[in-house]
Structures are given as C-alpha cells and as structure tokens.
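Visitor: In our numbering, the protein residues as written are 3 to 141.
Note that beta-carbon positions come from the ideal geometry of N, C-alpha and C, so glycine has one too.
Fair warning: this is a prediction, and the values are worked out from it, not measured in the lab.
Can you read through this structure? Questions will come right after.
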Amino acid sequence: PAVPAFFIEVRRSRDQQTDGVLGFLLRWAVTAAAVWAADSFVGGFSLGGWGSTLAVALILGLLNAFVRPVLVLLTLPVTVMTLGLFLLVLNAGLLAAAVAIANQLEGVHAELHGIWPAIAAALIISAVSWVLTAFVKER
3 PAVPAFFIEV RRSRDQQTDG VLGFLLRWAV TAAAVWAADS FVGGFSLGGW GSTLAVALIL
63 GLLNAFVRPV LVLLTLPVTV MTLGLFLLVL NAGLLAAAVA IANQLEGVHA ELHGIWPAIA
123 AALIISAVSW VLTAFVKER
C-alpha cells in the first residue's frame, strides 16, 4: 500500500531533527576527544579537567562552524600562495581564540603557550577529528 506523502515528510522531518541533535552531540564528542588528545600530547597546551575540555571543544566547534568559513574566504590568497599551509596558522588562531573565550567562563582552566604549541595542538585536533569522523557512519 502507498503511504501518503504527508506522512513521509513528517517522518523525514522528525528524523532530521533527531539526526541534527545526535549529529551535534557526536561532533562535540569527537571534537572533545581530539582536544583531549592534543592536551595529552602537546606540552604547551593544558586543560583543567573534563569540564574545561568540553567547554573548549564546544567553543572551538562553534568558531569552526561560524567564523572559520569567513576567515578561510578572506585569507584565500595567502592560503593559495602558501599551498594551504596557512590553514595551520588559521586553525591555531581559532584554537587560541577558543581557549581565550573558554577562560572567561567560571570553572574553566585552559592554557596555550605560544604559536608552536598552538600549531601542534591544532594539527593533532585535526588529525584525531578526521580519524574519528571516518568511523562515524553517515546516513
């Protein structure tokens, strides 16, 4: 028997809402794991516990979603001239911004000492996020 289109659209809409919330939580968890990995391996980057890790991951995710696309577009000529290496500096800058914003929250402690630890941490966060995201099945 044929299912009316209305019911298919309602179900599709409900599934997209669930995927949206679950997808957000999954991306947040992946970013938090990547930030934790960077905290574990980079000497000049330290976080004060899971609360700080989750806060930095959330802020970094929001910056990557809303600010990074604009910055990538604005810095496109420099990125092309450096064959994409400037994106490491951009990612490090966004991580530094996330740490600075997170430190304004009560109970959050995060430290980032210098450009080289920022670049190393951004590189680890990118790599770990890429690997973990590869294991996530997209619908």
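May I ask you to list the residues that DSSP assigns as paired with Glu-113?
Guide: For the purposes of this step, residue 113 is identified with residue 111 of the sequence shown, where counting begins at 1. Paired residues: Ser-48.
Visitor: Output needed for Ala-57: all residues of its chain with C-beta closer than 7 Å, excluding positions within five of it in sequence on either side, in chain order.
Guide: Locating residue 57 in the sequence shown gives position 55, where the first residue counts as 1. Within the same chain, Ala-57 has close Cβ partners Ala-104, Leu-107, Val-110.
Visitor: Assuming Phe-88 is part of the alpha helix (DSSP H), what are its boundary residues?
Guide: Position 86 of the sequence shown, counted from the start, is the residue given in the question as residue 88. From DSSP, the alpha helix (DSSP H) with Phe-88 extends over 88-104.
Visitor: By the 10 Å Cβ neighbour count, where 16 or more other Cβ atoms means buried, how is Ala-1 classified, buried or exposed?
Guide: Outside the displayed range of the chain (3 to 141) lies residue 1, so it cannot be described from this structure.
Visitor: Can the beta-carbon of Leu-96 be found closer than 9 Å to that of Leu-73?
Guide: Taking the sequence shown and counting its residues from 1, one reaches residue 96 at position 94. Taking the sequence shown and counting its residues from 1, one reaches residue 73 at position 71. Cβ atoms of Leu-96 and Leu-73: closer than 9 Å.
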